[in-house]
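>
Numbering (my numbering), first residue to last: 2 to 273.
Right, dumping it as structure tokens:
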């Protein structure tokens, strides 16, 4: 593990945390029916930042990468707020790519203007790439690392956010579950096939709540850092989410595959 004594000044982003608080405050004043989704994304941001700190503390990153990773974690979902204000959804296909909107919003607001050029480049790159199905190959190592930290930290908290919404009999917020159909006995074969093949499932293939449960299971193998995998395994959230799946031979095989991946994750193994 890296010496953390050099990190304190580099990773002090309290000015940015205050900026984020001021930026999001007006979105909490748009009516009581909208407070819940907005607050969910604010809380999600704080959890993602905490996860990113844990990952950064477990790796021997340069001060530049440390700072950029934390700022990118803080700002990764900036686009969610104008997205929800205009379209009242968090579904990108129903509205706009929230990552691209976030990058544009940060540039227009000047949130990173006081940061060195290289930090700005890494942060904005990670923000606009954090929701890609795959991170483009050939990008610089630092850009890849910062983006991977954000993607891992984001995925870890999405498990926490989604678990109560995917519980049996839960009152599901259609915005949070991306408008998928709540049909307890249904699932999409393409998602099961992804699980069994060790592939990450795509949001584009989601039709049912069970698909969402299985999609999250495919993320177990996609976490990049050993600390991320251990954190997920220790949380118990994967088992909780899978417990709500219906009984069938296909689902049983998919569950077994995911739990095997989770056992590897508990040992820090896995990752694409």
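Here a beta-carbon is modelled for each residue, glycine too, at the ideal position from N, C-alpha and C.
(1) CB-CB under 6 angstroms to residue 69, same chain, minus the five flanking residues each way: which ones, in chain order?
(2) Grouping DSSP H, G and I as helix and E and B as strand, with all else coil, what is residue 182?
(3) Name the DSSP beta bridge partners of residue 209, please?
(4) Assign residue 6 to one of two classes, buried (16 or more other C-beta atoms within 10 Å of its C-beta) or exposed (fewer than that).
(5) Can residue 185 and residue 141 be called in contact, C-beta distance under 8 angstroms?
(6) In angstroms with no decimal places, state the Cα-to-Cα distance between residue 118 and residue 28.
(7) Just reading off the alpha helix (DSSP H) that residue 104 is part of, what are its end residues?
(8) Can you have a look at residue 282 and say buried or exposed, based on whether 16 or more other CB atoms are within 10 angstroms of its CB?
(9) Taking only beta-carbon atoms, is residue 120 less than 8 angstroms away from chain C?
(10) Roughly how many whole angstroms lie between the Cα atoms of residue 144 and residue 73?
(11) What's the call for residue 134, buried or exposed, on a 16-neighbour Cβ count within 10 Å?
(12) If you follow the alpha helix (DSSP H) that residue 76 is in, where does it begin and where does it stop?
(13) For residue 137, collect the residues of the same chain with a Cβ closer than 8 angstroms to its Cβ; drop the 5 residues on either side in sequence, then sort them by chain order.
(14) For residue 83, which option in 47, 26, 65 and 66 has the closest C-alpha, if you only look at C-alpha atoms?
Answer, in terms of the structure:
(1) In its chain, beyond the 5 residues on either side, 120, 123, 124 and 147 have a beta carbon closer than 6 angstroms to the beta carbon of residue 69.
(2) It is a strand residue.
(3) According to DSSP, which records beta bridges pairwise, residue 209 is partnered with 182.
(4) With a pLDDT of 39 at residue 6, under the threshold of 50, the modelled position of that residue is not reliable, and no figure is offered here.
(5) Cβ distance not < 8 angstroms, so residue 185 and residue 141 don't count as in contact.
(6) Each residue's Cα considered, the two are about 29 angstroms apart.
(7) DSSP places residue 104 in the uninterrupted alpha helix (DSSP H) bounded by 99-110.
(8) Here the chain comprises residues numbered 2 to 273, so residue 282 is not present and cannot be evaluated.
(9) The chain inventory of the structure shown lacks chain C, comprising one protein chain alone.
(10) Just so you know, the alpha carbons of residue 144 and residue 73 end up roughly 11 angstroms apart.
(11) Exposed.
(12) Its alpha helix (DSSP H) spans residues 64-76.
(13) Only residues of its own chain outside the window of five on either side were considered, and among them 130 have a CB closer than 8 angstroms to the CB of residue 137, listed in chain order.
(14) Of 47, 26, 65 and 66, the residue nearest in Cα terms is 26.
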